[in-house]
Structure formats: structure tokens, C-alpha cells
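Below: the structure, in C-alpha cells.
Residue numbers (our numbering): 199 to 466.
Shown next, in the form of C-alpha cells:
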């Protein structure tokens with residue numbers, strides 16, 4: 199039952215977000231190409247408007263992208279819970295019965311490893327979609343073709359780069375649209391820093407639990423000790439990776455303009 203639910207959720211993760219994001223009266227987009235085209239036009243209009251508030255076109259795109267991330271994040275979170283439960287069941291079955299045939303034991307171990315890998319992937323997806331939902335405008339920016347060399351978009355991108363590179367040389371004030379862009383870009387990285395810090399604390403706690411149980415397990419129970427040690431090492435390594443992510447995002451959030459400029463110059 200849980201395996202079937204996990205398969206269904208994987209399929210839903212691929213198919214459902216676009217449909218769920220389009221249920222509002224403003225609708226959605228036929229595909230990524232239409233979304234990118236709408237973003238191109240809306241971004242140019244927003245920049246040229248001189249206003250802080252999003253233009254109607256950009257607001258529609260950003261609202262859609264927010265709903266898209268919420269849908270993907272919710273599905274991924276449910277999938278993560280299901281995979282964790284499945285992992286507990288598989289690994290418990292693997293450890294509980296010492297009389298298992300080698301083939302069944304190998305099948306349980308393989309299933310446990312697969313579910314664990316998928317759970318880690320689901321966790322990463324949840325983190326990324328929380329970040330995207332918190333700052334959907336900044337999350338949309340990578341869809342802009344920053345290498346555009348002609349047309350209104352290219353002119354707009356050149357102006358953005360100039361303002362970011364020389365913020366005090368054009369009237370000694372930051373354009374409202376650029377200020378919003380920088381603020382949302384900072385929020386984008388703050389969101390990941392906070393999420394990564396929370397995940398790091400959880401992983402460190404889990405690692406401590408695994409190693410504590412490892413120490414209490416009899417040395418003769420080698421299979422249990424190997425599994426506990428493996429999870430202890432995995433949790434510790436993942437926590438280190440997540441800590442690095444948290445630190446990197448905190449650094450960027452503290453001074454977002456250079457990183458945003460690097461993105462618009464194609465170096466992000």
C-alpha cells in the first residue's frame with residue numbers, strides 16, 4: 199500500500215504541480231516555453247514602469263510560480279513522510295529476522311537503500327521548493343535568458359547590470375524595481391539558510407541518536423551495528439553539506455547585490 203502511494207506521489211510530483219498552480223482565475227501556462235516568454239515580456243514591462251509594485255503581467259507570473267512551488271513542496275513533503283515510513287519498515291524487517299533467506303535479505307537491504315536515497319532526494323526537493331515559495335520572483339530569475347543580445351530584453355538586462363555594477367552613478371538612488379529584485383534575492387537566500395540550518399540541526403540530532411544506539415548494541419549483533427553506523431555516518435556527512443549550504447546562503451543574503459550581478463552576467 200505504501201509502495202503504491204509512493205509511486206503515485208512520484209507521478210503526481212511530475213504531473214500535478216502545473217495543473218494545481220493553474221486553478222486560480224489567472225490560469226497557468228501551456229508549458230515552460232510559454233512561461234519563459236511571459237516572464238520576458240513582464241520583466242521588461244516591470245523594469246520600464248519605474249514602480250515598486252509588480253506590473254499585472256509580472257504579478258500573474260509570480261503568483262503562478264508561487265503556487266507551483268507550494269504544490270511541488272507539499273507533494274514532496276508527503277512523499278518524504280511516506281518514504282521515511284517505508285524505510286523504517288524495510289530496515290526493521292531486515293534487522294529483525296536473522297533467519298531470512300539470503301535472497302530476501304538482499305532484497306530488503308536493496309529496498310532500504312533505494313528508499314533512503316529517494317528520501318534524501320525528496321528532502322532536497324522540499325528545501326528547494328520552500329525557498330522558491332518564499333521568494334518566487336527571485337526563483338523565476340534563472341528562467342530569464344540573460345545572454346540575450348538584442349531586443350527590449352537585452353536593453354533591459356544591460357540597464358540592470360549597469361545599475362548593479364555602479365549603484366551610485368545614476369542619480370544616487372536605487373530604482374524601485376531593482377530594490378525589489380535585490381530584496382527578493384536576499385530573501386531567497388535567507389530562506390535557504392534558515393531551512394538548511396533547521397535540517398542541519400535535525401540531521402546532527404539523528405546522527406547522535408544513531409551513534410548512541412550503535413554504542414548500546416552488542417558487538418555480536420554485527421548487522422544492526424553496521425546499519426546504525428551507516429546511518430550515523432550518512433547523517434553526519436549530510437549535516438556537513440547542509441551546514442555549508444546554510445553558511446553560503448547566509449553570506450550571499452548579507453550582501454546580495456554582487457551575487458545578483460554575477461547572475462545577470464551569466465556567472466551564477
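Ideal Cβ placement from N, Cα and C applies to all residues, glycine included.
Please give me, in chain order, every unbroken run of the beta strand (DSSP E) with length at least 3 that falls completely inside the segment 328-385.
none
Could you name the residues of the same chain whose beta carbon sits closer than 7 Å to that of residue 350, not counting the 5 residues immediately before and after it, in chain order?
242
Pick out whichever of 405, 451, 355 and 422 has its Cα sitting closest to the Cα of residue 435.
405
Using the three-state DSSP reduction, which class does residue 249 fall into: helix, strand or coil?
coil
For a test of the three-state rule: what should DSSP assign to residue 405, helix, strand or coil?
helix
Under DSSP, the alpha helix (DSSP H) around residue 217 begins and ends at which residues?
200-219
Counting Cβ pairs, one atom from each stretch, are 3 or more of them under 8 Å apart for the segment 348-364 and the segment 216-226?
no
Residue 201 versus 313, 302 and 212, residue with shortest Cα-Cα distance:
313
Close beta carbons around residue 334, own chain, < 7 Å, minus the five adjacent residues each side:
260, 263, 264 and 267
So for residue 419, helix, strand or coil by DSSP?
coil
Go ahead and label residue 393 buried or exposed: buried means 16 or more other beta carbons lie within 10 angstroms of its beta carbon, across all protein chains shown.
buried
Is it buried or exposed for residue 390, if we count other Cβ within 10 angstroms and need 16 for buried?
buried
Can you tell me where the alpha helix (DSSP H) with residue 295 in it begins and where it stops?
Where residue 295 is concerned, there is no enclosing alpha helix (DSSP H), given that its DSSP letter is neither H nor E.
Would you mind sorting residue 454 into buried or exposed? The rule is 16 or more other CB atoms within 10 Å of its CB.
buried
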